[in-house]
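412 is the number of the first residue of the sequence shown in our numbering; add one for each residue after it.
Taking it in order: structure first as structure tokens, then the write-up.
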Amino acid sequence: MNTSPDILCIGSVLWDIIGRSSVVMRVGSDVPGHITRVPGGVAMNIAMTLTRFGMTPALLSAIGRDPAGEELTEQAAAMGMIVDHLYHSDDLPTDNYMAVEGANGLIAAIADAHSLEQAGDKILRPLSDGSLGSEDAPYEGLVALDGNLTVELLRQIAHSPLFSKSDLRVAPASPGKADRLLALVGHPSATLYVNLEEASLLCHTDFPSSEAAAKGLIARGCKRVLVTDGGSSASEATGEDVITLTPPKVLVTRVTGAGDTFMAAHIASEREGMNRHDALERALFAAATYVSGEIPK
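This is the structure we're talking about:
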């Protein structure tokens, strides 16, 4: 196995507990369906997709020294991820995420990522102790950052010399945590991956389309952004122009992890040398394939 990472995935690595039903649901619904427990979290979801594109991601996260953490670490290693740099806590349990999805999309979700938040900058030690880098020799390469990190830690990353030579790719964990990304607005090497709702929250404006949202984020100070709007459109913008494409039409069977799949596929495509248009198109196809259920998780 390759022991040199192609990218660092920093953030939530946890267990996803997902209940899915094929019927339309509302508050109080009690319906038949299926419940699964699989590796998840934004950083893990991105890493899993990257391995399918032949990349070797290294995980930087907090994992408990409990049976759940041991199993999660073993599964990550079996999938081809580098797990040597994970922070294992004796006191904190392995995090969990629980969601309920119906035919009408995500009904409700709860993210219990308290261990990651409490671990703080301990998860970044490999970037300063020489394992992956140091202040004198900062890590040079791709870094996928997860909005589950605290505002304080994201601010630290934004100003830290440890990330001065990194290509930062940033995603919020959810609309409820989108404002945490404000710490990285204006960072010269940060690319933000958000959906339309998250873009609107960051700019305190309701945008009518992904193109308008992408332009709004650039005006807000972002250097580069990618904005998705479900099955309607997706836009990639720099300070110069905007590219907008329409995703393939598919039957949606799941939604949790779709944004992470999109982000990972886009990163992998650019790493392979694809131009902006082709990378966006391939990422949209990967996300559509994922939500259709054709790609297992």
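Backbone N, C-alpha and C fix where the C-beta goes; we use that ideal spot for every residue, glycine too.
All figures in this text were calculated on a predicted structure; none of them were measured in a lab.
Check: Where does P586 fall in DSSP's three states?; Outcome: helix
Check: Find out if the Cβ-Cβ distance for the pair A569, L595 is shorter than 8 Å.; Outcome: yes
Check: Using the beta-carbon count (16 or more within 10 Å), is S433 buried or exposed?; Outcome: exposed
Check: With a CB to CB cut of under 7 Å and the five nearest residues on each side skipped, what residues in its chain are close to D557?; Outcome: I421, G422, S423, V453, A454, A582, A584
Check: What span of residues does the beta strand (DSSP E) with M509 cover, start to end?; Outcome: 507-513
Check: What beta strand (DSSP E) runs, 3 residues minimum, are completely inside the segment 456-505?; Outcome: 468-471, 473-475, 498-500
Check: Which of helix, strand or coil does DSSP assign to G627?; Outcome: helix
Check: Just to confirm my understanding: we take D689, look at its own chain, exclude 5 residues before and 5 after, and list those with CB closer than 8 Å. What are they?; Outcome: S680
Check: Mind checking who C420 pairs with in its DSSP beta bridge?; Outcome: L470, A555
Check: Could you tell me whether the segment 539-558 touches the segment 501-514, using the rule of 3 or more Cβ pairs below 8 Å?; Outcome: no
Check: Give the DSSP-derived three-state secondary structure of P658 in the structure shown.; Outcome: coil
Check: Starting from G516, trace the beta strand (DSSP E) in both directions and tell me its first and last residue.; Outcome: 516-523
Check: Taking A697 as part of the alpha helix (DSSP H), name the residues at either end of that continuous run.; Outcome: 687-702
Check: Hey, would you say Y508 sits closer than 8 Å to A488, going by beta carbons?; Outcome: no
Check: What is the DSSP secondary structure of V438, reduced to helix, strand or coil?; Outcome: coil
Check: Select from P659, G430, A698 the residue whose C-alpha is nearest the C-alpha of T447.; Outcome: G430
Check: Report all residues from its chain with a CB closer than 7 Å to the CB of Q529; omit the five preceding and five following residues, and keep chain order.; Outcome: L503
Check: Round the Cβ separation of L553 and D427 to the nearest angstrom and send it over; I've been treating them as touching at under 8 Å.; Outcome: Actually they do not touch by this definition, with Cβ atoms about 24 Å apart.
Check: For my contact list, G597 and G632 are in at a C-beta cut-off of 8 Å; report their separation, rounded to the angstrom.; Outcome: 4 Å
Check: Is the separation between the beta-carbon of V661 and that of S620 shorter than 8 Å?; Outcome: no
Check: Buried or exposed: H615, going by 16 or more other Cβ atoms within 10 Å of its Cβ?; Outcome: exposed
Check: For L613 versus H677, is the C-beta distance shorter than 8 Å?; Outcome: no
Check: Under the assumption that A601 contacts A610 (Cβ atoms under 8 Å), give the Cβ distance between them as a whole number of angstroms.; Outcome: The Cβ separation is near 15 Å, so there is no contact.
Check: When the Cα of I493 is compared with those of L607, M466, D671, R476, which residue comes out closest?; Outcome: M466
Check: If we count the other Cβ atoms within 10 Å of its Cβ and call it buried at 16 or more, is E512 buried or exposed?; Outcome: buried
Check: Using the Cα positions of T700 and L470, report the straight-line distance between them to the nearest angstrom.; Outcome: 25 Å
Check: Leaving aside the five residues before and after M490 along the sequence, list all residues of the same chain whose C-beta is less than 7 Å from its C-beta, in chain order.; Outcome: M459, T462
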